[in-house]
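Structure first, then comments.
Shown next, in the form of structure tokens:
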């Protein structure tokens, strides 16, 4: 089994993800009805051989254990990854069509944190598991073994989008330097993935931020010595506005908490 995960380092504060042994998790209100239905895909796993394997990922969450996601994470094939828009979304997976390897009556809830790059040296039906048009999930072995025996290898699964449930508030980690400000947004409930972000200084109006990569958003603006507020819009178009998240004396490298999306 070949695995090509793009690992990009970043730092983030604690968040929360979880495993599930039930298949009755609520469908997500953040996507269309058809998207919340069970759909076919395949899944493989990787076994971390180095502690640094739990650090990084194409969504920019950094150390996945320290950030609270732990092993309840997944890398997505190009067809599912949506160029990073999907980062932070939650999926429920269950093993199907193989009584020999599946663990009956189980499912697992995972957060999208990484990208499984295509390998065009192989056909999609061969070693190119993550090549288009495949819908493929790559799990840590600790997660894979919640739904299937590890010897199964490339397993048929079913998946669906569900609401993300998080403990605590949305977290904003500010980085950058000078007039360049980068904000990593984590621990997002509800839809989980973010479509748009605005920032407001205490002496400015609302300023749109651009997606740098994953869930890192940036802007070129002199916002030092100003209290910062954030407006976060999820993929379902719901919006939360968190006023005065960072105090006037904020500094790069600090993390602040704001309002959270409500999850039914």
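Numbering (this note's numbering), first residue to last: 189 to 452.
Note that the Cβ used here is the ideal one computed from N, Cα and C, for glycine as well.
Whole runs of the alpha helix (DSSP H) within the stretch 244-326, excluding any shorter than 4 residues: Taken in chain order, the complete alpha helix (DSSP H) segments of 4 residues or longer contained in the stretch 244-326 are 266-269.
C-alpha distance - residue 342 paired with residue 415, whole-angstrom precision: Locating residue 342 in the chain shown gives position 154, where the first residue counts as 1. Locating residue 415 in the chain shown gives position 227, where the first residue counts as 1. Taking the straight line joining both Cα atoms gives about 50 Å.
8 Å contact criterion, which residue 278 and residue 380 should meet: CB distance rounded: As a position in the chain shown, residue 278 is number 90, starting the count at 1. As a position in the chain shown, residue 380 is number 192, starting the count at 1. Going by Cβ atoms, the distance from residue 278 to residue 380 rounds to 5 Å, so yes, they are a contact pair.
Coarse secondary structure for residue 417, derived from DSSP in three states: As a working note, residue 417 is residue 229 in the chain shown. Three-state result, residue 417: strand.
Under 7 Å between C-beta atoms of residue 345 and residue 263: Numbered from its first residue, the chain shown carries residue 345 at position 157. Numbered from its first residue, the chain shown carries residue 263 at position 75. At a Cβ-Cβ threshold of 7 Å, residue 345 and residue 263 do not count as neighbours.
Which listed residue (230, 286, 285, 255) has its alpha carbon closest to that of residue 318: Here the question's residue 318 lines up with position 130 in the chain shown. Minimum Cα distance to residue 318 is reached at 230.
Residue 338, buried or exposed, once every other Cβ within 10 Å from all chains shown has been counted against 16: On the chain shown, residue 338 is found 150 positions in, with the first residue counted as 1. Result: exposed.
Whole-angstrom distance between residue 360 and residue 406, CA atom to CA atom: In the chain shown, counting from the first residue as 1, residue 406 sits at position 218. In the chain shown, counting from the first residue as 1, residue 360 sits at position 172. If I take the Cα positions, the gap works out to 12 Å.
Selected residue, minimal CA-CA separation from residue 400, among 449, 418, 349, 363: Looking up residue 400 in the chain shown gives position 212. Measuring C-alpha to C-alpha distances from residue 400 to each of 449, 418, 349, 363 identifies 363 as the nearest.
Beta-carbon separation (whole angstroms), residue 274 vs residue 336, contact threshold 8 Å: Looking up residue 274 in the chain shown gives position 86. Looking up residue 336 in the chain shown gives position 148. Contact flag wrong, Cβ pair sits at about 23 Å.
Those residues which DSSP pairs with residue 334 across a bridge: Along the chain shown, read from residue 1 onward, the residue named residue 334 stands at position 146. Per DSSP, none; premise fails for residue 334.
Whole-Å CB distance - residue 422 paired with residue 382, under 8 Å assumed: Numbered from 1 along the chain shown, position 234 holds the residue referred to as residue 422. Numbered from 1 along the chain shown, position 194 holds the residue referred to as residue 382. About 6 Å; that satisfies the 8 Å criterion.
Residue 445 vs residue 357 beta-carbon contact at 7 Å: Translated into positions along the chain shown, residue 445 becomes position 257. Translated into positions along the chain shown, residue 357 becomes position 169. Contact flag set, yes.
Local Cβ density within 10 Å of residue 203, reported as buried at 16 or more and exposed below that: Translated into positions along the chain shown, residue 203 becomes position 15. Its pLDDT being 38, under 50, residue 203 is placed unreliably by the model, and the measurement read from it follows with that caveat. Looking at its Cβ environment, which holds 16 or more other Cβ atoms inside 10 Å, residue 203 is buried.
For residue 411 and residue 366, the rounded distance between their alpha carbons: Stepping through the chain shown from its first residue, residue 366 is reached at position 178. Stepping through the chain shown from its first residue, residue 411 is reached at position 223. So the alpha carbons of these two residues sit roughly 9 Å apart.
Reduced DSSP category for residue 231 - H, G, I as helix; E, B as strand; rest coil: Sequence index remark: in the chain shown, residue 231 carries index 43 (1-based). Three-state result, residue 231: strand.
Secondary structure of residue 386, DSSP reduced to three states: The sequence position of residue 386 within the chain shown is 198, counting from 1. Secondary structure at residue 386: strand, using DSSP grouped into helix, strand and coil.
Same chain only: Cβ atoms within 8 Å of residue 286, ignoring 5 sequence neighbours per side: The residue labelled residue 286 in the question sits at position 98 within the chain shown. Excluding the 5 residues flanking it on each side, residue 286 has same chain C-beta neighbours closer than 8 Å at 336, 340, 343, 344, in chain order.
Nearest residue (CA-CA) to residue 384, options 225, 355, 428: As a first step, residue 384 is located in the chain shown; it is residue number 196 there, counting from the start. Checking every option, the nearest Cα to that of residue 384 belongs to 428.
Whole-angstrom C-beta distance between residue 267 and residue 454, which should lie under 8 Å: Any property of residue 454 remains undetermined from this structure, which presents the chain solely from 189 to 452.
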